[in-house]
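Protein chains in written order, with this note's numbering: chain X, 61 to 190; chain B, 61 to 190.
Report on one structure; see the data block that follows.
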DNA sequence: CTGTATCCATTCGGATACTG
DNA sequence: CAGTATCCGAATGGATACAG
């Protein structure tokens, strides 16, 4: 899923058209890796840039950087930098607003799990009857 | 949002990788107009092609056609054709599986409404304090 | 009315090289 | 470690013309 949502929603909103509330919500996680980024922050806690790179398996730095920027822009994710001596440490974490997305993400996960289980059963059923 | 989700998720699934349950759910409505299509079917009941075109405001036939095809493919939407005499009537409706998305879509709508209200209040607050 | 076929512009994400 | 810059290919959506 690309981000036709985010751009379109932002245009609508800046034109005073607020009839896109559900699209607005989806635009929070419509980047290809955003859901997974949020999932990691929810389950594994705060993460540095490299840790996210590893856990995301196959994202380029540019893309990860962009998706994080948008999440920060949308106030879903917070970036903190702590400097100890001459080493800088970056950490990304969920904001309070980001935390309010957790029930939604869990619901998405549950629906997908149930649906995939259904599909699997159907496939087996069809195989048996072939 | 484009449909990087749908394609990616389908590839993962066909490779036996089922670790994308939430992405799978989002892929159900990741096309630019799918959420709105579902919203219309939920609130206004079954619709013909032309009715959807009108209510969607600015979609091209090709795009609408594609998004409907994918929704049908995902078993979220059903297409029925009734022929009376020599006139054919097409109607799109939600399937039983499609109906199970309703709570999710309502949740998305609620979150967006609340969040936009927050943002609006914040903006007014900032204006007052300028 | 309900689409399909073609062409085109834009956007998004991936690979790679470079920087502090 | 944490990015930015550049170039590129693929995918999406829009406009328009044509068809059953």
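The C-beta atom is built at its ideal place from N, Cα and C for all residues, glycine as well.
Discussion item. So that I know if they touch, is there some Cβ in chain B lying closer than 8 Å to that of residue 192 of chain X?
Written reply: Chain X is shown only over 61 to 190; residue 192 of chain X falls outside these bounds and no answer can be derived.
Practice prompt. Taking all protein chains shown into account, decide if residue 63 of chain X is buried (16 or more other Cβ within 10 angstroms of its Cβ) or exposed.
Written response: Translated into positions along the first chain, residue 63 of chain X becomes position 3. Of the other Cβ atoms in all chains shown, 16 or more fall within 10 Å of the Cβ of residue 63 of chain X; this residue is therefore buried.
Practice prompt. Note down, in chain order, all residues in the segment 173 to 190 of chain X with a beta-carbon under 9 Å from any beta-carbon belonging to chain B.
Written response: Taking 9 Å as the Cβ-Cβ cut-off, the segment 173 to 190 of chain X approaches chain B at 173, 174, 175, 176, 178, 179, 180, given in chain order.
Discussion item. I want to see whether chain B comes within less than 8 Å of residue 86 of chain X, judged by CB atoms only; does it?
Written reply: By one-based count along the first chain, residue 86 of chain X stands at place 26. Closer than 8 Å: yes.
Worksheet item: Using a C-beta cutoff of 8 Å, does residue 64 of chain X count as contacting chain B?
Response: The residue given as residue 64 of chain X occupies position 4 in the first chain. So yes, residue 64 of chain X belongs to the interface.
Worksheet item: Is residue 167 of chain X near residue 164 of chain B, with beta carbons less than 8 Å apart?
Response: Residue mapping note: residue 167 of chain X aligns to position 107 of the first chain, counting from 1. Residue mapping note: residue 164 of chain B aligns to position 104 of the second chain, counting from 1. Yes, the pair counts as a contact, with Cβ atoms nearer than the cut-off.
Worksheet entry | Option nearest residue 151 of chain X by Cα separation, candidates X/101, X/181, X/159, X/171 | Working through the first chain from its first residue, we reach residue 151 of chain X at position 91. The residue with the shortest Cα to Cα distance from residue 151 of chain X is X/101.
Discussion item. At the 8 Å Cβ level, is residue 74 of chain B part of the contact set with chain X, yes or no?
Written reply: Within the second chain, the letter at position 14 stands for residue 74 of chain B. Not closer than 8 Å to any Cβ of chain X, the Cβ of residue 74 of chain B fails to qualify, so no.
Worksheet item: residue 95 of chain B touches chain X at which residues, Cβ-Cβ below 8 Å?
Response: As a working mapping, residue 95 of chain B is identified with position 35 in the second chain. By Cβ distance, chain X contributes 82, 83, 86.
Discussion item. To test your reading of the DSSP string, which unbroken beta strand (DSSP E) runs of 3 or more residues are found completely within the segment 87 to 172 of chain X?
Written reply: Look at the segment 87 to 172 of chain X and you find these whole runs of beta strand (DSSP E), each 3 residues long or longer: 137 to 144, 147 to 154.
Discussion item. Under 8 Å, Cβ to Cβ, is there at least one residue of chain X near residue 115 of chain B?
Written reply: By 1-based counting over the second chain, the position of residue 115 of chain B is 55. No, residue 115 of chain B lies away from the interface with chain X (no Cβ there is under 8 Å from its Cβ).
Worksheet item: Near residue 79 of chain X, which residues of its chain fall below 8 Å by C-beta distance, leaving aside the five closest residues on each side in sequence?
Response: What you label residue 79 of chain X is simply residue 19 of the first chain in a count that begins at 1. Within the same chain, and ignoring the five residues on either side of residue 79 of chain X in sequence, the residues whose Cβ sits closer than 8 Å to its Cβ are 72.
Worksheet item: Would you report the Cα separation of residue 142 of chain X and residue 110 of chain X, rounded to the nearest angstrom?
Response: Here residue 142 of chain X is taken as the residue at index 82 of the first chain, counted from 1. Here residue 110 of chain X is taken as the residue at index 50 of the first chain, counted from 1. Rounded to whole angstroms, residue 142 of chain X to residue 110 of chain X spans 16 Å at the Cα level.
Practice prompt. Starting from residue 78 of chain X, find everything on chain B with Cβ-Cβ shorter than 8 Å and list it in chain order.
Written response: By 1-based counting over the first chain, the position of residue 78 of chain X is 18. Against chain B, a Cβ distance below 8 Å from residue 78 of chain X picks out 176.
Fill in: Proximal chain X residues relative to residue 164 of chain B, where beta-carbon distance stays under 9 Å
Residue numbering aside, residue 164 of chain B sits at position 104 when the second chain is read from its first letter. Within chain X, the residues near residue 164 of chain B are 164, 167, 168, 171.
Worksheet item: Of the choices B/114, B/112, B/75, B/67, whose alpha-carbon is the least far from that of residue 87 of chain B?
Response: On the second chain, residue 87 of chain B is found 27 positions in, with the first residue counted as 1. Selected option, being the one with the closest Cα: B/67.
Discussion item. Let me see if you follow: with CB-CB separation under 8 Å, is residue 147 of chain X close to chain B or not?
Written reply: For the purposes of this step, residue 147 of chain X is taken as residue 87 along the first chain, with counting starting at 1. The beta-carbon of residue 147 of chain X is placed no less than 8 Å from the nearest beta-carbon of chain B.
Practice prompt. Kindly say whether residue 155 of chain X, judged by its beta-carbon, lies nearer than 8 Å to any beta-carbon of chain B.
Written response: The residue you call residue 155 of chain X lines up with position 95 of the first chain. Contact of residue 155 of chain X with chain B is not assigned, every C-beta pair being separated by 8 Å or more.
Item to complete: Report the rounded CA-to-CA distance for residue 127 of chain B versus residue 121 of chain B, giving the unit in angstroms.
Response: Mapped onto the second chain, residue 127 of chain B falls at position 67. Mapped onto the second chain, residue 121 of chain B falls at position 61. Going from the Cα of residue 127 of chain B to the Cα of residue 121 of chain B covers about 10 Å.
Discussion item. Closest to residue 92 of chain B by C-alpha separation, out of B/173, B/103, B/131, would be which residue?
Written reply: The sequence position of residue 92 of chain B within the second chain is 32, counting from 1. Looking at B/173, B/103, B/131, the one whose alpha-carbon comes closest to that of residue 92 of chain B is B/131.
Discussion item. I'd like the list of long-range same chain contacts for residue 162 of chain B, defined as Cβ closer than 7 Å, with 5 residues on each side in sequence excluded.
Written reply: Locating residue 162 of chain B in the second chain gives position 102, counting from the first residue. Here residue 162 of chain B has 102 as same chain residues with Cβ atoms under 7 Å from its own Cβ, once five neighbours each way along the sequence are excluded.
Discussion item. For residue 129 of chain B, would you say it is in contact with chain X, using Cβ-to-Cβ distances shorter than 8 Å as the test?
Written reply: Within the second chain, the letter at position 69 stands for residue 129 of chain B. It does not: the Cβ of residue 129 of chain B has no partner Cβ on chain X nearer than 8 Å.
Discussion item. Beta-carbon within less than 7 Å of residue 90 of chain B's beta-carbon, same chain only, minus the 5 sequence neighbours each way: which residues are those?
Written reply: For the purposes of this step, residue 90 of chain B is taken as residue 30 along the second chain, with counting starting at 1. Taken in chain order, the residues that qualify are 61, 63, 65, 66.
Fill in: Status (buried if at least 16 other CB within 10 Å, exposed otherwise) for residue 175 of chain X
Taking the first chain and counting its residues from 1, one reaches residue 175 of chain X at position 115. Residue 175 of chain X counts as buried, since no fewer than 16 other beta carbons sit within 10 angstroms of its beta carbon.
Worksheet item: In or out: residue 134 of chain X buried (at least 16 other Cβ within 10 Å) or exposed?
Response: The residue given as residue 134 of chain X occupies position 74 in the first chain. So residue 134 of chain X counts as buried.
Worksheet item: How about residue 155 of chain B and residue 179 of chain B: do their beta carbons lie closer than 8 Å?
Response: By 1-based counting over the second chain, the position of residue 155 of chain B is 95. By 1-based counting over the second chain, the position of residue 179 of chain B is 119. No, they are not a contact pair.
Worksheet item: What does residue 92 of chain X touch in chain B if you count any residue whose Cβ is under 8 Å from its own?
Response: Mapped onto the first chain, residue 92 of chain X falls at position 32. Here the neighbours are 64, 65, 68.
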